[in-house]
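*Asks:*
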């Protein structure tokens, strides 16, 4: 007999042990291996992570979000601080949630009085735990029948999360996966509008694009709440609190040409939009072409849209929000993501894809041979993804988009090695 709803709690300790093992393994990789990659001690905080790391340092040691002194000490590699406010304040870039996650590690490093060279490893250590936590949250979001461990593990290990929990850890993408997983749990468990709003705000604090999960939020509240409009207003208002830090910065420190968000109009490009949308799905870093496991999850979501009402509602919400996210990604100037591991900007799809894989396996439950083939294929895709993750960490896998010019690549490489 399969475990019923009342026995779910008995499964939690075992799943937590697996989650802790995944997180501990990720922590060991980050602290003992990733920290030694070039540029030594700073591999995890390169690129966008460099700026989020400076934001974390400013929050941890200065108690503000003026990065002027951090730029003086660590450099402004991409000149993001070149448009200060009228009072000279140089803002941090975009989302602050991932920076906040680095603050405890920085405090611990400072408390222990360790050399500056190991500070980045301490900063990103809490983010390494995301791999295990995302697995556990996925198991909490999936039904018990069939058992959720396999689709949860496949989604967490077969998509882009492993690279951003082991490699470029300071990037916001692993944090994005965790936060959206928490939102998925709230929606799937039909939490109150308050808790859905809190989870949604958490997701938006990691990536502002997560505001685009509103179709699923609305469909869930409309189907399961007595006052859906009022509940939607509550959840949306809470999600909008993720914008408050930027509103406050803009009001207290006015005069910047770009503003605290660092998302100017030059970040977007609508030319060849249809072709760019195709590149989001099937390009060199395409959602489907880079990680074929995503295609299997999308098939499961499509199948669930034909099932009973509750699952159809969730599947429709996921499909609409995923479409909006992909359309948004097609508007950015650098659709292929430069040097990127897959569809990194869509890392938040990790938990929804776990649900899609669950629906696919459930659809084939009574078809033993086809189910075995599908599961074996999903496992093979996941193993291939982990091998590519290892190759990317070692530098033997080329993650560059062919659209990145040779001159731009050389400039980026020089910036990565600059002190």
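In this note's numbering, the protein residues as written are 342 to 760. Idealized CB from N, CA, C, for every residue including glycine.
Is residue 500 helix, strand or coil when you go by DSSP?
*Replies:* Residue 500 falls in the coil class under three-state DSSP.
*Asks:* What's the call for residue 623, buried or exposed, on a 16-neighbour Cβ count within 10 Å?
*Replies:* Result: exposed.
*Asks:* To the nearest angstrom, report how far apart residue 705 and residue 487 are at their CA atoms.
*Replies:* For residue 705 and residue 487, the distance between alpha carbons rounds to 11 Å.
*Asks:* If you count every other CB in all the chains shown that lies within 10 Å of the CB of residue 461, and 16 or more means buried, which is it?
*Replies:* Looking at its Cβ environment, which holds 16 or more other Cβ atoms inside 10 Å, residue 461 is buried.
*Asks:* Please look up how many angstroms separate the CB atoms of residue 433 and residue 424, rounded, as I've assumed it's under 8 Å.
*Replies:* That pair is no contact at about 13 Å.
*Asks:* Between residue 664 and residue 642, how many whole angstroms is the CB-CB distance? I'm expecting something under 8 Å.
*Replies:* Wrong, their Cβ atoms sit about 11 Å apart, outside the cutoff.
*Asks:* Leaving out the 5 sequence neighbours to the left and right, which residues in its chain are closer than 7 Å to residue 321 when beta-carbon positions are compared?
*Replies:* With the chain covering only 342 through 760, there is no way to say anything about residue 321.
*Asks:* Is the beta carbon of residue 540 less than 8 Å from the beta carbon of residue 523?
*Replies:* In contact: residue 540 and residue 523 (Cβ atoms closer than 8 Å).
*Asks:* Run through DSSP, which three-state label would residue 673 get?
*Replies:* Strand at residue 673.
*Asks:* Using C-beta distances below 8 Å, list every residue in its chain close to residue 637, excluding the 5 sequence neighbours before and after it, in chain order.
*Replies:* Same-chain partners within the cutoff: 697, 698, 701, 715, 718, 719 and 722.
*Asks:* Can you name the start and end residues of the alpha helix (DSSP H) that residue 599 belongs to?
*Replies:* Note, residue 599: premise wrong, no alpha helix (DSSP H); not H, not E.
*Asks:* Go ahead and pull the three-state DSSP assignment for residue 648.
*Replies:* Here residue 648 sits in coil by DSSP.
*Asks:* By a C-beta neighbour count over all protein chains shown, 10 Å radius and 16 as the cutoff for buried, is residue 507 buried or exposed?
*Replies:* Answer is buried; the Cβ neighbour count reaches 16.
*Asks:* Near residue 600, what residues of its chain come up, given a Cβ to Cβ distance below 7 Å and the 5 sequence neighbours on each side ignored?
*Replies:* Contacts found: 591.
*Asks:* Using only the alpha-carbon positions, how far apart do residue 691 and residue 480 sit?
*Replies:* Each residue's Cα considered, the two are about 12 Å apart.
*Asks:* My output table needs one value for residue 609: the three-state DSSP class, helix, strand or coil.
*Replies:* Residue state, collapsed to three classes: strand.
*Asks:* Find the nearest neighbour of residue 670 within the set 659, 620 and 634, judged by alpha-carbon distance.
*Replies:* The shortest C-alpha separation from residue 670 is found at 620.
*Asks:* With H, G and I counted as helix, E and B as strand and the rest as coil, what does DSSP make of residue 355?
*Replies:* The answer is helix: DSSP assigns residue 355 an H, G or I state.
*Asks:* Just to check my reading of the structure: residue 743 and residue 625 have Cβ atoms closer than 8 Å, yes? What is that Cβ distance to the nearest angstrom?
*Replies:* Rounded, the Cβ-Cβ distance is 6 Å, consistent with contact.
*Asks:* Expressed to the nearest angstrom, what Euclidean distance is found between the alpha-carbon atoms of residue 389 and residue 555?
*Replies:* C-alpha separation (whole angstroms): 27 Å.
*Asks:* Using the Cα positions of residue 631 and residue 684, report the straight-line distance between them to the nearest angstrom.
*Replies:* Distance between the alpha carbons of residue 631 and residue 684: 8 Å.
*Asks:* What's the call for residue 822, buried or exposed, on a 16-neighbour Cβ count within 10 Å?
*Replies:* Because the chain spans 342 through 760 in this model, residue 822 falls outside it and cannot be assessed.
*Asks:* Label residue 458 either buried or exposed according to how many other C-beta atoms from any shown protein chain fall within 10 Å of its C-beta, with 16 as the threshold for buried.
*Replies:* So residue 458 ends up on the exposed side.
*Asks:* Indicate whether the contact test is met: 3 or more Cβ pairs, each with one atom in the region 408-422 and one in the region 568-582, closer than 8 Å.
*Replies:* Not touching, per the Cβ criterion.
*Asks:* Pick out whichever of 475, 430, 534 and 490 has its Cα sitting closest to the Cα of residue 518.
*Replies:* Closest by alpha carbon: 475.
*Asks:* Could you give the DSSP three-state label for residue 741: helix, strand or coil?
*Replies:* Reduced to three states, the DSSP call for residue 741 is strand.
*Asks:* Could you round the C-beta distance between residue 500 and residue 635 to whole angstroms and report it? I think they count as a contact, below 8 Å.
*Replies:* Correct: roughly 7 Å between the Cβ atoms.
*Asks:* Straight-line CA distance for residue 594 to residue 547?
*Replies:* So the alpha carbons of these two residues sit roughly 23 Å apart.
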